[in-house]
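Undergrad:
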Amino acid sequence: VGAMAAPPRSFSAAEVRARCAQGSCVVRCRRRLYDLSAFVRLHPGGEQLLRRRAGTDVSAALDGPPHRHSANARRWLEQYYLGELRDDDEEEEEEEEEEEEGSRQSCPKTEKPTDAAAPPARRLDPRCKTVDVDKDLVDWRKPLLWQVGYLGEKYDEWVHQPVDRPIRLFHSDFLESLSKTAWYVVFLVWTPVVLYLSWVSYTSLAQGNTRLFSSFTTEYSIPVHKYYFPFIFLLGMFLWSLLEYLIHRFVFHMKPPASNYYLITLHFLLHGQHHKSPFDSSRLVFPPVPASLVIGFFYGVLQLLLPEVLGLSVFVGGLCGYVVYDMMHYYLHYGSPKKGTYLYGLKAYHVKHHFEHQKSGFGISTRFWDRPFRTLIPEEETFEKED
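According to the UniProt record's numbering, the residues represented by the sequence shown are 1 to 387, in order.
1. Less than 6 Å between C-beta atoms, sequence neighbours within five positions excluded: which residues of the same chain meet that for Gly311?
2. Over what stretch of residues does the beta strand (DSSP E) that includes Cys29 continue unbroken?
3. Following the continuous beta strand (DSSP E) through Leu35, name the residue where it begins and the one where it ends.
4. Kindly indicate the opening and closing residues of the alpha helix (DSSP H) around Glu47.
5. Where does the unbroken alpha helix (DSSP H) through Leu82 begin, and where does it stop?
6. What does the alpha-carbon distance come out to for the pair Val16 and Val40?
7. Just how far apart, CA to CA, sit Phe298 and Phe315?
8. In this structure, does DSSP put Ser281 in helix, strand or coil?
9. Going by C-alpha to C-alpha distance, which of Gln147, Lys352 and Glu244 sits closest to Leu263?
10. Does the stretch 362 to 382 touch the stretch 274 to 284, meaning 3 or more C-beta pairs lie closer than 8 Å?
11. Alpha carbon to alpha carbon, how far is Leu33 from Arg86?
12. Within its chain, find whatever has a CB closer than 6 Å to the CB of Lys385; leave out the 5 residues flanking it on each side and keep chain order.
13. Ordered along the chain, which non-local residues of its own chain (more than five positions away) have a Cβ less than 7 Å from that of Lys338?
14. Would you mind stating whether Gly363 and Tyr261 have Cβ atoms separated by less than 8 Å?
15. Considering only residues of the same chain and omitting the five flanking positions on each side of Leu42, which have a CB-CB separation below 8 Å?
16. Give the DSSP-derived three-state secondary structure of Ser177 in the structure shown.
17. Please report the straight-line C-alpha distance between Glu78 and Ala54, rounded to a whole angstrom.
18. Taking Cβ to Cβ, would you say Phe252 is nearer than 8 Å to Leu234?
19. To which residues does DSSP link Asp57 through a beta bridge?
20. From what residue to what residue does the alpha helix (DSSP H) around Pro192 run?
21. How is Phe39 classed by DSSP in three states: helix, strand or coil?
22. To the nearest whole angstrom, what separates the beta carbons of Gly296 and Trp240, a pair I think is in contact under 8 Å?
23. Just to confirm, is the Cβ distance from Asp63 to Arg30 under 8 Å?
24. Pro65 to Ser277, Cα distance in whole Å?
25. So, are the CB atoms of Val26 and Leu82 less than 8 Å apart?
26. With which residues is Pro287 paired in a DSSP beta bridge?
27. What is the DSSP secondary structure of Ser10, counted as helix, strand or coil?
28. Exposed or buried, which one is Thr375 when buried takes at least 16 other CB atoms within 10 Å?
29. Measuring straight from C-alpha to C-alpha, what distance separates Phe355 and Gln273?
30. Answer with buried or exposed for Met254, where buried requires no fewer than 16 other C-beta atoms within 10 angstroms of its C-beta.
31. So which of Leu305, His275 and Phe231 has the shortest CA-CA distance to His353?
32. Can you tell me where the alpha helix (DSSP H) with Pro256 in it begins and where it stops?
33. Note down the Cα distance separating Pro290 from Tyr330, rounded to an integer number of angstroms.
34. Looking at the unbroken alpha helix (DSSP H) that takes in Ser360, where does it start and where does it end?
35. For Cys128, does the three-state DSSP call read helix, strand or coil?
36. Which class does Pro223 belong to by DSSP, given the choice of helix, strand or coil?
As structure tokens, this is what we get:
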């Protein structure tokens, strides 16, 4: 028979205030305490919003307005569980005056403990149950890549229940290193390539030998002047934004058949790992080695479809678009944009995609393509939707 779980640690209101005064961001949901210090910069509402709530009851805020938090957000909160707030006659009286009806829906009402040193176990709201990594469907002590294929029909639900912990994919340290990269590596590797190919494209166009439709007719072929290069470059960036959307929606968010071990494994390698651990900082951008294979493929396609220099000019614009996309993706997870800015709205939009709307909101660097493809996340849906 296993040992009984230790009772949750308890804190007085004075201890909570002392922790907040030292810089910790401790909040409570009725009697349950959470230390969000490690999460404040990642919160889509911004660090200051959480800092202002330090030491207070966030029960009503979980149900909104302005935003009703999803089941995944509540589950995510439980990963920062700290302990229980000790009962005190004065504090109890104040709490009863401050509580609102919404707090009863966000977190369960609990009995008053008879022993403050060892409060009884409290029944947790089913929406708040955390992913217990020690009793999970996979063994987190081993590489996950070769385990997920066995989850079958449970995979889709499991992969969309995010956790705040790093993922290991491979047994081999070498392969593992190729699957991870720091955000600045993408900028350092590909920016010089973009600058060099831009110079090559421009100087090649300046020679005046590039013409459209020259392979079909010489009489009606159209010359491409060097002054067209900025517009061709921007066309490449625009085409990348469409490609970004299509890959994210139809490749990264394909639903692999429950009976196909290999497609489930491939899905987890390509994108499922990111949804399972959305704040694993080493897996937010595309590592250069596998990226170079994909980039080489698209370069070859453009060279087949367009005249050599024109294809290169479109390609370099697309490559620049990719670099911007990867930098933005990292920032949307780890940045703290100012409220009211474009990036602030985009960060909130992308976090909704991760935590509640996995079948919509596929635009990352822009929401533009979500509109014509009808996958835009409505602004207020998370608050208006029924539980």
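Positions of the beta carbon are idealized from the N, C-alpha and C atoms, including for glycine.
TA: The relevant details are as follows:
1. Indexing the sequence shown from 1 puts residue 311 at position 311. Leu302 and Gln303.
2. As a working mapping, residue 29 is identified with position 29 in the sequence shown. Note, Cys29: beta strand (DSSP E), Val26 to Cys29.
3. The sequence position of residue 35 within the sequence shown is 35, counting from 1. Checking the sequence, you will find Asp at residue 35 rather than Leu. Counting along the chain, the beta strand (DSSP E) containing Asp35 begins and ends at Arg32 to Asp35.
4. Locating residue 47 in the sequence shown gives position 47, counting from the first residue. Note, Glu47: alpha helix (DSSP H), Glu47 to Arg52.
5. For this step, residue 82 is matched to residue 82 along the sequence shown. No alpha helix (DSSP H) contains Leu82, which is instead part of the beta strand (DSSP E) from Tyr81 to Leu85.
6. In the sequence shown, residue 16 corresponds to position 16, counting from 1. In the sequence shown, residue 40 corresponds to position 40, counting from 1. About 17 Å.
7. Translated into positions along the sequence shown, residue 298 becomes position 298. Translated into positions along the sequence shown, residue 315 becomes position 315. Computed Cα separation, rounded: 8 Å.
8. Here residue 281 is taken as the residue at index 281 of the sequence shown, counted from 1. Here Ser281 sits in helix by DSSP.
9. The residue labelled residue 263 in the question sits at position 263 within the sequence shown. Ranking Gln147, Lys352 and Glu244 by Cα distance to Leu263 puts Gln147 first.
10. The answer is no - the stretch 362 to 382 does not touch the stretch 274 to 284, with fewer than three Cβ pairs under 8 Å.
11. Indexing the sequence shown from 1 puts residue 33 at position 33. Indexing the sequence shown from 1 puts residue 86 at position 86. One C-alpha to the other measures close to 10 Å.
12. Counting from one through the sequence shown, the residue named residue 385 turns up at place 385. Confidence is the limiting factor: at Lys385 the pLDDT is only 40, short of 50, which leaves the residue's position unreliable, though a coordinate-based value still follows. Answer for Lys385: no residue qualifies.
13. Your numbering for residue 338 matches position 338 in the sequence shown. Closer than 7 Å at Cβ, skipping near neighbours: Tyr344.
14. Translated into positions along the sequence shown, residue 363 becomes position 363. Translated into positions along the sequence shown, residue 261 becomes position 261. With contacts defined by Cβ atoms closer than 8 Å, Gly363 and Tyr261 do not form a contacting pair.
15. The residue given as residue 42 occupies position 42 in the sequence shown. Correct list, in chain order: Phe279, His333 and Tyr334.
16. Within the sequence shown, residue 177 is the residue found at index 177, counting from 1. Correct three-state label for Ser177: helix.
17. Against the sequence shown, residue 78 aligns to sequence position 78. Against the sequence shown, residue 54 aligns to sequence position 54. When only Cα atoms are considered, Glu78 and Ala54 end up about 16 Å apart.
18. Against the sequence shown, residue 252 aligns to sequence position 252. Against the sequence shown, residue 234 aligns to sequence position 234. It is not a contact, given that the beta carbons lie outside the stated cut-off.
19. Locating residue 57 in the sequence shown gives position 57, where the first residue counts as 1. Looking at the DSSP output, Asp57 bridges to Arg28.
20. Along the sequence shown, read from residue 1 onward, the residue named residue 192 stands at position 192. Here the alpha helix (DSSP H) through Pro192 covers Trp183 to Ala206.
21. Here the question's residue 39 lines up with position 39 in the sequence shown. Note: Phe39 maps to coil in three-state DSSP.
22. Locating residue 296 in the sequence shown gives position 296, counting from the first residue. Locating residue 240 in the sequence shown gives position 240, counting from the first residue. Their Cβ separation, rounded to whole angstroms, is 15 Å, which puts Gly296 and Trp240 out of contact at 8 Å.
23. Position 63 of the sequence shown, counting from 1, holds the residue named residue 63. Position 30 of the sequence shown, counting from 1, holds the residue named residue 30. It is not a contact, given that the beta carbons lie outside the stated cut-off.
24. Residue numbering aside, residue 65 sits at position 65 when the sequence shown is read from its first letter. Residue numbering aside, residue 277 sits at position 277 when the sequence shown is read from its first letter. For Pro65 and Ser277, the gap between their C-alpha atoms comes out near 27 Å.
25. Position 26 of the sequence shown, counting from 1, holds the residue named residue 26. Position 82 of the sequence shown, counting from 1, holds the residue named residue 82. If you check the CB distance, Val26 and Leu82 come in under 8 Å.
26. Translated into the one-based positions of the sequence shown, residue 287 becomes position 287. Under the DSSP definition of a beta bridge, Pro287 lacks any partner.
27. As a working note, residue 10 is residue 10 in the sequence shown. Here Ser10 sits in strand by DSSP.
28. One-based indexing of the sequence shown puts residue 375 at position 375. Only buried fits Thr375, as 16 or more other CB atoms lie within 10 angstroms of its CB.
29. The residue labelled residue 355 in the question sits at position 355 within the sequence shown. The residue labelled residue 273 in the question sits at position 273 within the sequence shown. Between Phe355 and Gln273, the C-alpha separation is close to 14 Å.
30. Your numbering for residue 254 matches position 254 in the sequence shown. Met254 comes out exposed.
31. One-based indexing of the sequence shown puts residue 353 at position 353. Out of Leu305, His275 and Phe231, His275 has the C-alpha closest to the C-alpha of His353.
32. Along the sequence shown, read from residue 1 onward, the residue named residue 256 stands at position 256. For Pro256, there is no enclosing alpha helix (DSSP H), as DSSP gives it neither H nor E.
33. On the sequence shown, residue 290 is found 290 positions in, with the first residue counted as 1. On the sequence shown, residue 330 is found 330 positions in, with the first residue counted as 1. Approximately 18 Å, taken between the alpha carbons.
34. Taking the sequence shown and counting its residues from 1, one reaches residue 360 at position 360. No alpha helix (DSSP H) holds Ser360; DSSP gives it neither H nor E.
35. As a working mapping, residue 128 is identified with position 128 in the sequence shown. Reliability of the predicted coordinates at Cys128 is poor, the pLDDT of 41 falling under 50, and the value obtained from them is presented with this limitation in mind. Correct three-state label for Cys128: helix.
36. As a working mapping, residue 223 is identified with position 223 in the sequence shown. If DSSP states are grouped into helix, strand and coil, Pro223 belongs with the strands.
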